[in-house]
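Enquirer:
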Amino acid sequence: MLGLNQRDTKFLLIVIALTLFTPILLQPFPADSGLAQFNAGYPDLMQRFAIFGIFAIGFNILFGLTGYLSFGHAAFLGVGSYSTVWMFKLLNYNVLPGLVLAIIVSGLFALLIGYVSLRRSGIYFSILTLAFAQMSFNLAYSVLTPITNGETGLQVYNDDPQILMGENGITTTHFFGLKMNASHIMDVGPWQFTFNFGYYFCAVIAILAFYLSLRIFRSPFGMMLRAVKSNQQRMNYTGLSSRPYTLAAFVISGMYAGLAGGLLASMDPLAGAERMQWTASGEVVLMTILGGAGTMMGPILGAGFIKYFENIFSKINDQVLHGWFAFLPDGLENALVWLLHPFVGKGWHLTLGILFMLVVVFLPGGLVELGQRIRNMFRKKPKADNDGSHKPQQTPHVAE
Amino acid sequence: MSKLLTTRRSVLRTGAAAGAGLAMPTIFTASSVAAFTNDPTGSSVTLGFNVPQSGPYADEGADELRAYELAVEHLNGGGDGGMMNTFSSKVLDGTGILGKKVEYVTGDTQTKSDAARASARSMIEKDGAVMITGGSSSGVAIAVQGLCQEAGVIFMAGLTHSNDTTGKDKKANGFRHFFNGYMSAAALAPVLAARYGTDRTAYHLTADYTWGWTQEESIAAATEALGWNTVEKVRTPLASTDFSSYIAPVLNSGADVLVLNHYGGNMVNSLTNAVQFGLREKVVNGKNFEIVVPLYSRLMARGAGANVKGIFGSTNWHWSLTDEGSQAFVRSFGTKYGFPPSQAAHTVYCQTLLYADAVQRAGSFNPCAVAEALEGYDFDGLGNGPTHYRAGDHQCFKDVLVVKGKENPENEFDLLEIVEITPRAQVEYAVDHPMFAGGDLGSCNGGA
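Here the protein sequences line up with chains A and B, keeping their order. Sequential numbering of the first sequence, starting at 16, is according to our numbering. Sequential numbering of the second sequence, starting at 2, is according to our numbering.
Given below as structure tokens:
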């Protein structure tokens, strides 16, 4: 279906099902239970899963296929957000013009940065992109304040022109009248599920983005990008110029990032300069590596993993810990809270760092590799011709 | 694209799938019926404390969190009641708010607008917080205030000193107890003129964001009105840690006063640099060179150590105040944590109490009812003397303290001495004052 072979179609259908049932899957604990703390099925976080999924999918087109490690992808995210908020300020709260502009502007911006940066490869390329991103961040922060509103962040004011906004126009972001913050709350026994329009909007776009990326991975163009990764020099010697291919990949990847930035602003109409800081660029690299670079599903898993930690673990405070261990004797309770304290709340970075280390050391293929290993454990495997590491490993299917 | 073969059948199938996908979300647009966002229906009510636990203002955030916990304890009837006993309104009785036990959730703003909004959104959407409070940076406070306006919950601003919070970025759902740059300038300028004379030339170093800009503007305007000159205004990035390169040009500029529009870690570093360059021993234009830090806090004074001695500034509140309210607060904070509270702790404690009191008086958690109860409210006994919550811009008006780094501190907390308590009348301004113009309060939003 849709120009995919049977295996990819199945894969796409699984992804679609997972995305559509996210509000249920992420809400495994009843609302009143002590474990409700770990539920992640609320609109803001689900939107972030989808949006950063798009960001990571786009980054993976560049990094996973060509091996070019961009350390400045957050710049496109920021540019996308600013474009979208400007559309809100000038036209009205409909997200469509904003998203279109975000993709166009970030594409042009990527063309500019890519044209310069792609003259170098390896570490020099990474440093160049990092430099451009930091430059954008600093410009947005100070010199370009009239456009970006500096550190406060660009937001929509009541006295903005909003020329398409009628007398009783909608005052929150919407898609032709369907409000992004509209939610339907469904109570099923003790469980509470929130179905939010904003999330489904992001999810549908994420599925389209995923499909497009799947097609790119399978296309001759994708094959050419893989060739760049495996041996660019050899490719050049055969008389092929790889520059147009890498530049195209860079621009596509930048447009994905711009789209993600636009969506971020569509869900929450504010664009802050920190979105372009190098830590944000580093985050998408972490997401991709954590999930598994070069695989289809990996970056999405990585994005979800990091956002989950950022939003759930950072909110566990001592009060919550005391609540969990209240059944223990006082001395033991305090000792346990003291022991766990550095790893939760503001210490979530520490927990994430440790997990990232463990993944990189023990699962070089990221979370996707973990999934494969678990699946292999339950599978009967023919052991006969297995002679350890003495033969080249079979390349895993890219859809895994 | 390898297989972009289209047949009639596949086009139809794709179209149908896309159509179904687009139609799907419309099923979910009906929102559940409630009078306002997060109406607390159970036996408890949840408040969201959104403070920086990392980043340049983490010290202030930690102290704010302590004060919030103390306030919740007092509201639920624990501890000694603190300022609830001295507060002029007596509707709070230690049984929570409207009989509901107060619970809270915390989040880390990371001193970034984006992270702060994400954290606030999760408090509203996941934890059902009916009020968000906090912020230790004006940029963050303004961003979160905007979010609360959209979401339909009350925002009780914490430590935010920019004119914009209740100026061009003011919102109907946002309220500020803390003072602002204009008030600092109005209180400080006459004191400076009296000590240093009216014939002075000032040089500004300013943190490059909304708070720095508005404070610089306010101080320059207030001092120039008294005869001072402003020779140069230099913006420094918020993330700077070394200010030597900004200090050196001051020496050759002909200025005889350096105004440091810095806060937190920035101020500690810039002041230390300035003292190391020997600015305070210099004699320029026949006058001693002076340094001024318009917004002071005890946490900053502690960071800068002996360098703050004799330096003037302003503050919202100081623990050495001897009125009944301040003493009650210092006593209960000190009993619980073992040291006196900072001005950040004081303002957030007051905000929590003010919110609880407003709900109690309004008889409802509805943001619109709460806002109405707070607007134009006069109260006393919270450490700042008689205070007024102005309806026009949701800014509190109260006396401002002008302080000076103490020459001979008796202990590690005794770092500032109060020079003058500037009366409220001297720091008041019109709602449409040019420095606060351009904003629009809008109308209150109860969500739903």
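Don't be surprised by glycine CBs; every beta carbon is placed ideally from N, CA and C. None of the values given here were measured: they were computed from a predicted structure.
Of all the beta strand (DSSP E) runs that stay within the bounds of the stretch 290-362 of chain B, which reach a length of 3 or more residues?
Expert: Runs found: 291-296, 313-316.
Enquirer: Helix, strand or coil for Trp229/B? Go by DSSP, reduced to three states.
Expert: For this step, residue 229/B is matched to residue 228 along the second sequence. Coil at Trp229/B, not helix or strand.
Enquirer: Between Lys330/A and chain B, is the shortest Cβ-Cβ distance under 8 Å, so that the two count as touching?
Expert: Along the first sequence, read from residue 1 onward, the residue named residue 330/A stands at position 315. It does; some Cβ of chain B falls within 8 Å.
Enquirer: Consult DSSP for Tyr390/B and reduce its assignment to one of helix, strand or coil.
Expert: Within the second sequence, the letter at position 389 stands for residue 390/B. It is a strand residue.
Enquirer: Distance check for Asp170/B and Ser114/B, CA to CA, integer angstroms please.
Expert: In the second sequence, residue 114/B corresponds to position 113, counting from 1. In the second sequence, residue 170/B corresponds to position 169, counting from 1. So the two alpha carbons sit approximately 14 Å from each other.
Enquirer: Could you tell me which residues DSSP pairs with Lys330/A in its beta bridges?
Expert: What you label residue 330/A is simply residue 315 of the first sequence in a count that begins at 1. Lys330/A pairs with nothing; no bridge assigned.
Enquirer: Give the single residue among Phe156/B, Ser321/B, Leu272/B, Leu160/B whose Cα lies nearest to the Cα of Ala345/B.
Expert: Within the second sequence, the letter at position 344 stands for residue 345/B. Nearest C-alpha to Ala345/B: Leu160/B.
Enquirer: Quick one: list the residues of chain A neighbouring Ile98/B, beta-carbon separation under 7 Å, in chain order.
Expert: Position 97 of the second sequence holds residue 98/B. The premise fails here: Ile98/B is roughly 18 Å from chain A at the closest Cβ pair, so nothing lies under 7 Å.
Enquirer: Could you give the DSSP three-state label for Gly129/B: helix, strand or coil?
Expert: Taking the first residue of the second sequence as 1, we reach residue 129/B at position 128. Note: Gly129/B maps to coil in three-state DSSP.
Enquirer: Are at least three pairs of beta-carbons, each pair with one atom in the stretch 254-261 of chain B and one in the stretch 277-293 of chain B, less than 8 Å apart?
Expert: Taking 8 Å as the limit for Cβ pairs, the verdict is that the stretch 277-293 of chain B does touch the stretch 254-261 of chain B.
Enquirer: Ordered along the chain, which non-local residues of its own chain (more than five positions away) have a Cβ less than 8 Å from that of Ala71/A?
Expert: By 1-based counting over the first sequence, the position of residue 71/A is 56. For Ala71/A, where only same-chain residues beyond five positions count, the Cβ hits under 8 Å are Val299, Met302, Thr303, Gly306, Pro314, Ile315, Gly317, Ala318.
Enquirer: So is Asp358/B buried or exposed if we call it buried at 16+ other beta carbons inside 10 Å?
Expert: Indexing the second sequence from 1 puts residue 358/B at position 357. It counts as buried.
Enquirer: Mapping the DSSP letters down to three states, classify Cys445/B as helix, strand or coil.
Expert: Stepping through the second sequence from its first residue, residue 445/B is reached at position 444. Residue state, collapsed to three classes: coil.
Enquirer: Is it buried or exposed for Gly377/B, if we count other Cβ within 10 angstroms and need 16 for buried?
Expert: Numbered from its first residue, the second sequence carries residue 377/B at position 376. Exposed, because fewer than 16 other Cβ atoms sit within 10 Å of the Cβ of Gly377/B.
Enquirer: In chain A, which residues lie with their C-beta within 9 Å of the C-beta of Leu239/B?
Expert: Counting from 1 along the second sequence, the entry for residue 239/B is found at position 238. Correct list: Tyr156, Glu166.
Enquirer: Short check: CB of Gln361/B to CB of Val92/B, under 8 Å?
Expert: Translated into the one-based positions of the second sequence, residue 361/B becomes position 360. Translated into the one-based positions of the second sequence, residue 92/B becomes position 91. Yes.
Enquirer: Using three-state DSSP, classify Val285/B as helix, strand or coil.
Expert: Within the second sequence, residue 285/B is the residue found at index 284, counting from 1. DSSP places Val285/B in strand when its eight states are reduced to three.
Enquirer: Buried or exposed for Met195/A, please, with buried defined as at least 16 other CB atoms from any protein chain shown within 10 angstroms of its CB.
Expert: The residue given as residue 195/A occupies position 180 in the first sequence. Buried: at least 16 other Cβ atoms inside 10 Å.
Enquirer: Output, in sequence order along the chain, the residues in the stretch 34-59 of chain A whose CB is closer than 8 Å to any CB in chain B.
Expert: Flagged, chain order: Leu35, Asn54, Tyr57, Pro58, Asp59.
Enquirer: Under a Cβ-count criterion, where at least 16 other Cβ atoms within 10 Å of its own Cβ denotes burial, should Trp212/B be classed as buried or exposed?
Expert: By 1-based counting over the second sequence, the position of residue 212/B is 211. Burial call: buried.
Enquirer: With a threshold of 8 Å between beta carbons, is Gln149/A in contact with chain B?
Expert: To locate residue 149/A, count along the first sequence from 1; it is residue 134. Not an interface residue.
Enquirer: Which residues in chain A have a C-beta closer than 9 Å to the C-beta of Arg177/B? List them in chain order.
Expert: In the second sequence, residue 177/B corresponds to position 176, counting from 1. Under the 9 Å cutoff, chain A gives no residues; its nearest Cβ is about 15 Å from Arg177/B.
Enquirer: With a 10 Å radius around its C-beta and 16 neighbouring C-beta atoms as the bar for buried, classify Trp353/A as buried or exposed.
Expert: Residue numbering aside, residue 353/A sits at position 338 when the first sequence is read from its first letter. By the neighbour-count rule (16 or more Cβ atoms within 10 Å), Trp353/A is not buried but exposed.
Enquirer: So which of Ile220/B, His75/B, Gly287/B, Val141/B has the shortest CA-CA distance to Asp200/B?
Expert: Numbered from 1 along the second sequence, position 199 holds the residue referred to as residue 200/B. Selected option, being the one with the closest Cα: Gly287/B.
Enquirer: Thr107/B bridges to which residues according to DSSP?
Expert: Translated into positions along the second sequence, residue 107/B becomes position 106. Answer is Phe50/B.
Enquirer: Measure the alpha-carbon distance for Phe44/A versus Ile138/A and round it to whole angstroms.
Expert: One-based indexing of the first sequence puts residue 44/A at position 29. One-based indexing of the first sequence puts residue 138/A at position 123. Approximately 45 Å, taken between the alpha carbons.
Enquirer: Do Ala305/B and Asn174/B count as a contact pair if the criterion is CB distance below 8 Å?
Expert: For this step, residue 174/B is matched to residue 173 along the second sequence. For this step, residue 305/B is matched to residue 304 along the second sequence. It is not a contact, given that the beta carbons lie outside the stated cut-off.
Enquirer: For Gln277/B, count the other beta carbons within 10 Å of its own beta carbon; 16 or more makes it buried, fewer makes it exposed. Which is it?
Expert: As a first step, residue 277/B must be located in the second sequence, where it is residue number 276. By the neighbour-count rule (16 or more Cβ atoms within 10 Å), Gln277/B is not buried but exposed.
Enquirer: Taking 8 Å as the CB-CB limit, is Thr47/B close to chain A?
Expert: For the purposes of this step, residue 47/B is identified with residue 46 of the second sequence, where counting begins at 1. Not an interface residue.
Enquirer: Determine the chain A residues that contact Ile133/B at a beta-carbon separation under 9 Å, and present them in chain order.
Expert: Locating residue 133/B in the second sequence gives position 132, where the first residue counts as 1. Residues of chain A passing the Cβ test: none, with the nearest at roughly 13 Å.
Enquirer: On the DSSP letters alone, give me the boundaries of the alpha helix (DSSP H) that Ile138/A sits inside.
Expert: Walking along the first sequence from the start, residue 138/A turns up at place 123. Residues 137-153.
Enquirer: With distances taken Cα to Cα, identify the nearest neighbour of Phe225/A among Thr163/A, Lys330/A, Ile267/A.
Expert: Mapped onto the first sequence, residue 225/A falls at position 210. Considering only alpha carbons, the answer is Ile267/A.
Enquirer: Output the boundary residues of the beta strand (DSSP E) element that contains Leu274/A.
Expert: The residue given as residue 274/A occupies position 259 in the first sequence. Unbroken run through Leu274/A is the alpha helix (DSSP H), 258-282; no beta strand (DSSP E).
Enquirer: Using the C-alpha atoms, what's the distance from Met372/A back to Gly381/A?
Expert: As a first step, residue 381/A is located in the first sequence; it is residue number 366 there, counting from the start. As a first step, residue 372/A is located in the first sequence; it is residue number 357 there, counting from the start. Near 11 Å, if we compare the C-alpha coordinates of Met372/A and Gly381/A.
Enquirer: Does Tyr378/B come out as helix, strand or coil in the three-state DSSP assignment?
Expert: As a working note, residue 378/B is residue 377 in the second sequence. In the structure shown, Tyr378/B sits in a strand (DSSP, three-state: E or B).
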